[in-house]
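Below is one structure, written out as structure tokens; comments come after it.
Number of protein chains: 2
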Amino acid sequence: MFKLYSKGCEYALRALTYAATQNEDGRFQAADVCLQTGIPESFSRKIFQALVQGGFLRALRGPGGGYVLTIPPDQISLLDVIRAVEGDDTFDHCVLGLPECGTKRPCPLHETWVKAKEQLLAQLEKRTLQDLADASQPKRRPSHKLAGR
Amino acid sequence: MFKLYSKGCEYALRALTYAATQNEDGRFQAADVCLQTGIPESFSRKIFQALVQGGFLRALRGPGGGYVLTIPPDQISLLDVIRAVEGDDTFDHCVLGLPECGTKRPCPLHETWVKAKEQLLAQLEKRTLQDLADASQPKRRPSHKLAGR
DNA sequence: ACAATAATGGACATGATTATCCATTAATCA
DNA sequence: TGATTAATGGATAATCATGTCCATTATTGT
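Taken in order, these protein sequences are the chains called A and B.
Every position in the first sequence, counted from 1, becomes a number in the numbering used here once 3 is added.
Every position in the second sequence, counted from 1, becomes a number in the numbering used here once 3 is added.
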């Protein structure tokens, strides 16, 4: 069946969105966020590790620790998160599964897919974590951005 | 990772495309098509069964049998095939995995996804099996349609 | 130095997708 | 009727994605 991204990526988006609603600098603890957003903790922790590896999060160990976003949430697009979790090449494979498919040797669906993909990625690129946070039911500071700009 | 559709669906598209290049009425035998397109036979046979169930193919048993398309290849869109194999609702699930997401209770990504999906489905809907067949290296009758219209 | 907290990393369990095998059914031909 | 051909359907295996558990490491505070 169709999958825009893996479960892990879905959890990353939900967790990071929640983090952005809660805290100015996107600081959170794994256990807390997983409990609040209803995503499985043990599994999601692996994803957080990947986001640390990818440079999106900084890990803070010890009491009062957790994770902080290394970049403000309004500068992280959904596409950024997706690529960080899934790898830069998630969207780059031939949809007909032909290994030799490319610009020089396009499969019958190549051009169609390139166009559809462009539009899809454009949508995912223009929405940021902050957008998602604002669109969620605001927990605190209900979107000061709308007034502030 | 990203998946536009399942392996089975990929095989269906490759097999049906090949069938359309070979034969006016899209007639083929499972063993033959699988051999030629390099897709696993035992597995693909299950998919052909599904396409029979879905009314896309008619199965002809016995010597000289095989499958025939019940509809001419230029009237079958990629989206038709995808929906037949994957089910009508493949593209209808919330990308954030929220069960209550819908028009009345949209998730933060709902509108973005609806738009991206529309564009994606439009691309998949306007290409037919005949298009794919013509775009493949033509085995016989190299696209009489181009001259015929 | 010790205790408590929180992330890390490895091993393992579960589930879904993908793939293979084989006996059965239906059709054709001699 | 018997032999051959080709799809069908059920059981089973392999592979990958998802999920859990636990010992370890780093950090903080006492």
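Even for Gly, the Cβ is constructed at its ideal location relative to N, Cα and C.
Legend entry - Neighbour-count burial assignment, A:Gln78, 16 or more Cβ in a 10 Å radius: On the first sequence, position 75 is the one that residue 78 of chain A refers to. A:Gln78 should be labelled exposed.
Inset, instruction - For A:Gly105, count neighbouring C-beta atoms within 10 Å of its own C-beta (all shown protein chains included) and say buried if the count is 16 or more, exposed if not. - result: On the first sequence, position 102 is the one that residue 105 of chain A refers to. Exposed, by the Cβ-count rule.
Legend entry - Within-8 Å CB hit, B:Ala15 to chain A: For the purposes of this step, residue 15 of chain B is taken as the residue at position 12 of the second sequence. Output row for B:Ala15: interface = no.
Legend entry - Interface residues of chain A facing B:Phe46 [CB-CB closer than 9 Å]: Translated into positions along the second sequence, residue 46 of chain B becomes position 43. Residues of chain A with a Cβ closer than 9 Å to the Cβ of B:Phe46 do not exist; the shortest Cβ-Cβ separation is about 13 Å.
Legend entry - Members of the region 108-124 of chain A near chain B, C-beta cut-off 7 Å: Under the 7 Å Cβ criterion, the region 108-124 of chain A contributes Pro111, Leu112, Thr115, Lys118, Ala119, Gln122 and Leu123.
Legend entry - Interface partners of A:Gly100 on chain B, CB under 7 Å: Numbered from 1 along the first sequence, position 97 holds the residue referred to as residue 100 of chain A. Correct list: Glu13.
Inset, instruction - Tell whether a beta-carbon distance below 8 Å holds between A:Thr20 and A:Leu132. - result: For the purposes of this step, residue 20 of chain A is taken as residue 17 along the first sequence, with counting starting at 1. For the purposes of this step, residue 132 of chain A is taken as residue 129 along the first sequence, with counting starting at 1. Between A:Thr20 and A:Leu132, the C-beta spacing is below 8 Å.
Legend entry - Closer than 9 Å at the beta carbon, the chain A residues around B:Thr93: The count along the second sequence starts at 1 and reaches residue 93 of chain B at position 90. Within 9 Å Cβ-Cβ: Met4 and Phe5.
Inset, instruction - Return the residue from the list B:Ala136, B:Leu135, B:Ala119 and B:Thr115 that minimises the CA-CA distance to A:Asp134. - result: Here residue 134 of chain A is taken as the residue at index 131 of the first sequence, counted from 1. Per the Cα distances, B:Thr115.
Inset, instruction - Can you pull the chain B residues whose beta carbon is under 8 Å from the beta carbon of A:Ser80, in chain order? - result: Locating residue 80 of chain A in the first sequence gives position 77, where the first residue counts as 1. Here the premise fails: no neighbours, minimum Cβ distance about 11 Å.
Legend entry - Proximity below 8 Å, CB of A:Arg30 to CB of A:Val71: As a first step, residue 30 of chain A must be located in the first sequence, where it is residue number 27. As a first step, residue 71 of chain A must be located in the first sequence, where it is residue number 68. Against a cut-off of 8 Å, the Cβ pair of A:Val71 and A:Arg30 comes out as a contact.
Legend entry - The beta strand (DSSP E) enclosing B:Gly69, as first and last residue numbers: One-based indexing of the second sequence puts residue 69 of chain B at position 66. From DSSP, the beta strand (DSSP E) with B:Gly69 extends over Gly69 to Leu72.
Inset, instruction - Buried or exposed for B:Ser47, please, with buried defined as at least 16 other CB atoms from any protein chain shown within 10 angstroms of its CB. - result: The residue you call residue 47 of chain B lines up with position 44 of the second sequence. Looking at its Cβ environment, which holds 16 or more other Cβ atoms inside 10 Å, B:Ser47 is buried.
Inset, instruction - Within the same chain, show all residues whose beta-carbon is closer than 7 Å to that of B:Leu7, passing over the 5 residues directly before and after it, in chain order. - result: Position 4 of the second sequence, counted from the first residue, corresponds to residue 7 of chain B. Nothing listed; no residue qualifies.
Inset, instruction - Count the C-beta pairs between the region 26-43 of chain A and the region 93-103 of chain A that are closer than 8 Å, then say yes if the count reaches three, no if not. - result: Not touching, per the Cβ criterion.
Legend entry - Where A:Thr20 meets chain B, residues with beta-carbon distance less than 7 Å: For the purposes of this step, residue 20 of chain A is taken as the residue at position 17 of the first sequence. Listed by position along chain B, the residues whose Cβ is nearer than 7 Å to that of A:Thr20 are Pro111.
Inset, instruction - Below 9 Å between beta carbons is the criterion; list the residues of the region 125-141 of chain B that meet it against any residue of chain A, in chain order. - result: Listed in sequence order: Ala125, Gln126, Leu127, Lys129, Arg130, Asp134, Leu135, Ala136, Asp137, Ala138 and Ser139.
Inset, instruction - Grab me the residues of B:Ala15's own chain with a C-beta within less than 7 Å of its C-beta, minus the 5 sequence neighbours each way, in chain order. - result: Translated into the one-based positions of the second sequence, residue 15 of chain B becomes position 12. Apart from sequence neighbours up to five positions away, the residues of its chain that approach B:Ala15 with a beta-carbon distance below 7 Å are Ile50, Leu54, Val84 and Val88, ordered along the chain.
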